[in-house]
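Let me begin by presenting the structure, written as structure tokens, before commenting on it.
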Amino acid sequence: MATVRARFVRAPSFGHHLCVQERGEIQALAASLRELLGRVTALVEHAGSDTPRDDELELVAIERGLASTLRRVERLNAKAESPRRRG
Numbered sequence: 358m359a360t361v362r363a364r365f366v367r368a369p370s371f372g373h374h375l376c377v378q379e380r381g382e383i384q385a386l387a388a389s390l391r392e393l394l395g396r397v398t399a400l401v402e403h404a405g406s407d408t409p410r411d412d413e414l415e416l417v418a419i420e421r422g423l424a425s426t427l428r429r430v431e432r433l434n435a436k437a438e439s440p441r442r443r444g
């Protein structure tokens with residue numbers, strides 16, 4: 358298996374509002390997370406009796422982590438959207 362090096366990206370300083378480009382990036386990230394979560398959920402649902410229990414538990418843990426991350430990204434996106442709607 359190839360080693361994956363972590364890339365460190367400077368997080369933008371959001372302050373009170375996200376700029377349009379940052380909102381678009383957050384929306385794209387949410388869409389990617391939704392797709393990935395769907396794929397992992399499908400793996401969990403199709404895990405059969407031949408799937409080792411440890412692997413099944415790992416998939417469930419990954420699914421929960423992705424769902425939690427997606428909720429946080431969607432919350433951030435909603436917060437970024439709300440000032441725009443009022444103005």
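If you read the sequence shown in our numbering, its first letter stands for residue 358, the second for the next number, and so on.
C-beta atoms are modelled at their ideal positions from N, C-alpha and C, and glycine is treated no differently.
Whole angstroms is fine: what's the gap from residue i's alpha carbon to residue j's?
i      : j      : result
Arg432 : Val377 : 16 Å
Pro409 : Ser439 : 45 Å
Leu423 : Val397 : 9 Å
Ala435 : Arg429 : 10 Å
Glu382 : Ser389 : 11 Å
Leu394 : Asp407 : 22 Å
Gly405 : Arg421 : 19 Å
Asp412 : Ser425 : 20 Å
Does the Cβ-Cβ distance between residue i and residue j come in under 8 Å?
i      : j      : result
Leu427 : Ala385 : no
Arg391 : Ala437 : no
Can a CB atom of chain B be found closer than 8 Å to the CB of residue i?
i      : result
Ala404 : Looking at the structure shown, chain B is missing, and only one protein chain is on hand.
Pairs of beta-carbons, one from the region 416-426 and one from the region 399-406, closer than 8 Å: are there three or more? yes
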